[in-house]
Amino acid sequence: MPYAGVIQRYRAYMDLPDHTRPITLLEGATPLIPLPRLAQDLGGECEIYAKFEGLNPTGSFKDRGMTAAISECAGRGVQAVICASTGNTAASAAAYAARAGQRCIVLIPQGKVAAGKLAGAVAYGAQVIQIDGSFDDALTLVVSLSQKYPIALVNSLNPYRLEGQKTAAFEICDDLGAAPDWLCLPVGNAGNITSYWMGFQQYDSLKHTGRPRILGVQAAGSAPLVLGRPVEKPETVATAIRIGRPARGEQALEAAEQSGGRIIAVSDDDILAMQRRLAAEGVWVEPASAAGLAGLAQQVQAGQFDVRGKRIVGICTGHGLKDPEIIAKTMDKPLLVTPTLEALAEVINR
Ligand code: F0G
1116 MPYAGVIQRY
1126 RAYMDLPDHT
1136 RPITLLEGAT
1146 PLIPLPRLAQ
1156 DLGGECEIYA
1166 KFEGLNPTGS
1176 FKDRGMTAAI
1186 SECAGRGVQA
1196 VICASTGNTA
1206 ASAAAYAARA
1216 GQRCIVLIPQ
1226 GKVAAGKLAG
1236 AVAYGAQVIQ
1246 IDGSFDDALT
1256 LVVSLSQKYP
1266 IALVNSLNPY
1276 RLEGQKTAAF
1286 EICDDLGAAP
1296 DWLCLPVGNA
1306 GNITSYWMGF
1316 QQYDSLKHTG
1326 RPRILGVQAA
1336 GSAPLVLGRP
1346 VEKPETVATA
1356 IRIGRPARGE
1366 QALEAAEQSG
1376 GRIIAVSDDD
1386 ILAMQRRLAA
1396 EGVWVEPASA
1406 AGLAGLAQQV
1416 QAGQFDVRGK
1426 RIVGICTGHG
1436 LKDPEIIAKT
1446 MDKPLLVTPT
1456 LEALAEVINR
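The opening position of the sequence shown corresponds to residue 1116 in the working numbering, with each subsequent residue numbered one higher.
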């Protein structure tokens, strides 16, 4: 049978109600790309892979959870869905709602959503509303709206989002034959880390695939789980994880602790350096997506982490195309040269 998305592939392991009617864009089945040069740079004698979730249909990992949430909604006749978002959830909800014929409303923090995400949400036909506030404010508002009106909430507070998202853990075990030693991933609202831990535990109980230690990574300017308190005005170049009050913060801390891992923070410079490093190995991810492996590199440099003999998977949550402006802003702009052979030869041979 041709591949038909994560619900078709993993439904037996997903806790979805019988009424669920699959709405899919053939999300999932993303590659584990080996990163031999990064492995060498970090000391060698280890395997490092990027699970490139940016290759999902709307360019981010959110499509896994969204197929589940929207399918559950479709099965009970929901007409409209709503979410708060730093951008990727918005684009994903918009696409799956469009596919299901549902209305989609998204609330985003003004001026802090990368161009490729906003364009996606608009292109898929969502009603996009900016608020003069943060993601955390937007989330509070959509929770209230979904309680007051017949509009279903599709943020990761919706349990079916996690049911879909955890399929990424199943894929990793199926591809590697077992769980990796370490899983490194960015943490924002904390649905993703919670889902991975659910997925790895479940697969281990059923198939004895083992469990990874989890390194959750926040941006230093938006690190409530590292500071142990909410951050009122989160800031970071990685706008996807610019979140000060993670909805699933407690579960994220539990996942890190139970797995024998930890949650740490990295600077924006570390995030952008890892973005460049991954691109230099052919994998272009958006800034937030580089945070997981930036955290690994930071821990190795600080002598907190010995990679020898380890198999490590970094979750690259979103595609670089989502945030083209960051490249224009922080990286070298192309030279402008007169269109003559002489001028070009001069530049090339410089
Ligand atoms: N990476 C990217 C690219 C994201 O878009 C997000 C979250 C995360 C990591 C963090 O995942 O929230 O499950 O801990 N983006 C949400 C959104 C908040 O609205 O698109 P998390």
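Note that the Cβ used here is the ideal one computed from N, Cα and C, for glycine as well.
Being a predicted model, the structure only gives us computed values, none of them experimental.
Assigned exposure category for residue i - 16 Cβ within 10 Å defines buried
{"i": "G1169", "result": "buried"}
{"i": "G1192", "result": "exposed"}
{"i": "P1132", "result": "exposed"}
{"i": "S1186", "result": "buried"}
{"i": "K1263", "result": "exposed"}
{"i": "T1173", "result": "buried"}
{"i": "I1223", "result": "buried"}
{"i": "P1117", "result": "exposed"}
{"i": "K1166", "result": "buried"}
{"i": "K1448", "result": "exposed"}
{"i": "G1235", "result": "buried"}
{"i": "P1439", "result": "exposed"}
{"i": "S1259", "result": "exposed"}
{"i": "P1349", "result": "buried"}
{"i": "T1455", "result": "exposed"}
{"i": "D1384", "result": "exposed"}
{"i": "A1417", "result": "exposed"}
{"i": "A1127", "result": "exposed"}
Simplified DSSP state of residue i, which is helix, strand or coil
{"i": "L1157", "result": "coil"}
{"i": "P1224", "result": "strand"}
{"i": "L1131", "result": "coil"}
{"i": "A1394", "result": "helix"}
{"i": "V1237", "result": "helix"}
{"i": "K1166", "result": "strand"}
{"i": "G1174", "result": "coil"}
{"i": "L1342", "result": "helix"}
{"i": "I1430", "result": "strand"}
{"i": "V1332", "result": "strand"}
{"i": "I1246", "result": "strand"}
{"i": "P1439", "result": "helix"}
{"i": "I1266", "result": "coil"}
{"i": "A1229", "result": "coil"}
{"i": "P1149", "result": "strand"}
{"i": "R1377", "result": "strand"}
{"i": "R1136", "result": "coil"}
{"i": "R1326", "result": "coil"}
{"i": "R1218", "result": "strand"}
{"i": "G1424", "result": "coil"}
{"i": "M1181", "result": "helix"}
{"i": "A1102", "result": "No answer is possible for residue 1102: the residues shown for the chain start at 1116 and end at 1465."}
{"i": "K1444", "result": "helix"}
{"i": "Y1275", "result": "helix"}
{"i": "L1141", "result": "coil"}
Pick from the options that is closest to residue i, judged by C-alpha positions
{"i": "G1359", "options": "F1250, A1165 and G1158", "result": "F1250"}
{"i": "V1332", "options": "G1407, L1140 and G1314", "result": "G1407"}
{"i": "E1162", "options": "L1450, K1425, I1430 and M1446", "result": "K1425"}
{"i": "I1378", "options": "I1138, T1309, K1348 and A1294", "result": "T1309"}
{"i": "G1343", "options": "L1368, A1236, A1305 and V1415", "result": "L1368"}
{"i": "A1212", "options": "Q1194, A1229 and G1226", "result": "Q1194"}
{"i": "T1145", "options": "V1302, A1189, D1178 and E1160", "result": "D1178"}
{"i": "Y1164", "options": "P1265, I1287, A1236 and P1224", "result": "I1287"}
{"i": "T1453", "options": "I1386, D1319 and I1463", "result": "I1463"}
{"i": "L1451", "options": "E1461, T1445, Q1416 and K1444", "result": "E1461"}
{"i": "G1159", "options": "R1423, A1183 and V1237", "result": "R1423"}
{"i": "M1129", "options": "F1176, T1182, Q1155 and P1149", "result": "T1182"}
{"i": "P1151", "options": "L1456, P1439 and G1397", "result": "G1397"}
{"i": "V1196", "options": "I1266, G1180 and A1215", "result": "I1266"}
{"i": "A1209", "options": "A1154, Y1239 and I1427", "result": "Y1239"}
{"i": "F1420", "options": "L1277, I1329 and S1337", "result": "I1329"}
{"i": "G1375", "options": "D1296, I1442, R1218 and D1290", "result": "D1296"}
{"i": "S1175", "options": "A1412, K1437, V1428 and V1221", "result": "K1437"}
{"i": "G1325", "options": "A1334, S1337, A1294 and A1405", "result": "A1294"}
Limits of the beta strand (DSSP E) - the one that residue i falls within
{"i": "L1298", "result": "W1297 to P1301"}
{"i": "V1193", "result": "First-last for V1193: undefined, no H or E at that position."}
CB contact check: residue i to chain E, cutoff 8 Å
{"i": "G1325", "result": "In the structure shown, chain E cannot be found, because there is only a single protein chain."}
Host alpha helix (DSSP H) of residue i (start-end)
{"i": "Y1366", "result": "For clarity, residue 1366 is Gln in the given sequence; the question names Tyr instead. Where Q1366 is concerned, the enclosing alpha helix (DSSP H) stretches over G1364 to S1374."}
{"i": "R1124", "result": "V1121 to Y1125"}
{"i": "Q1317", "result": "G1306 to K1322"}
{"i": "R1357", "result": "First-last for R1357: undefined, no H or E at that position."}
{"i": "Q1413", "result": "P1402 to Q1416"}
{"i": "D1289", "result": "T1282 to L1291"}
{"i": "L1451", "result": "From DSSP, L1451 is part of no alpha helix (DSSP H); its letter is neither H nor E."}
{"i": "D1456", "result": "Checking the displayed sequence, the identity of residue 1456 turns out to be Leu instead of Asp. Residues L1456 to I1463."}
Pairs of beta-carbons, one from the stretch 1270 to 1284 and one from the stretch 1361 to 1371, closer than 8 Å: are there three or more?
yes
Three CB pairs or more closer than 8 Å across the stretch 1339 to 1359 and the stretch 1196 to 1204
yes
If contact is defined by three or more beta carbon pairs under 8 Å, each pair taking one atom from either stretch, is the stretch 1395 to 1412 in contact with the stretch 1432 to 1441?
yes
Per the contact definition of three or more C-beta pairs closer than 8 Å, is the stretch 1274 to 1294 in contact with the stretch 1140 to 1155?
yes
Answer yes if the stretch 1216 to 1233 comes into contact with the stretch 1298 to 1305, meaning at least three C-beta pairs across the two stretches below 8 Å, and no otherwise.
Too few Cβ pairs lie closer than 8 Å, so no.
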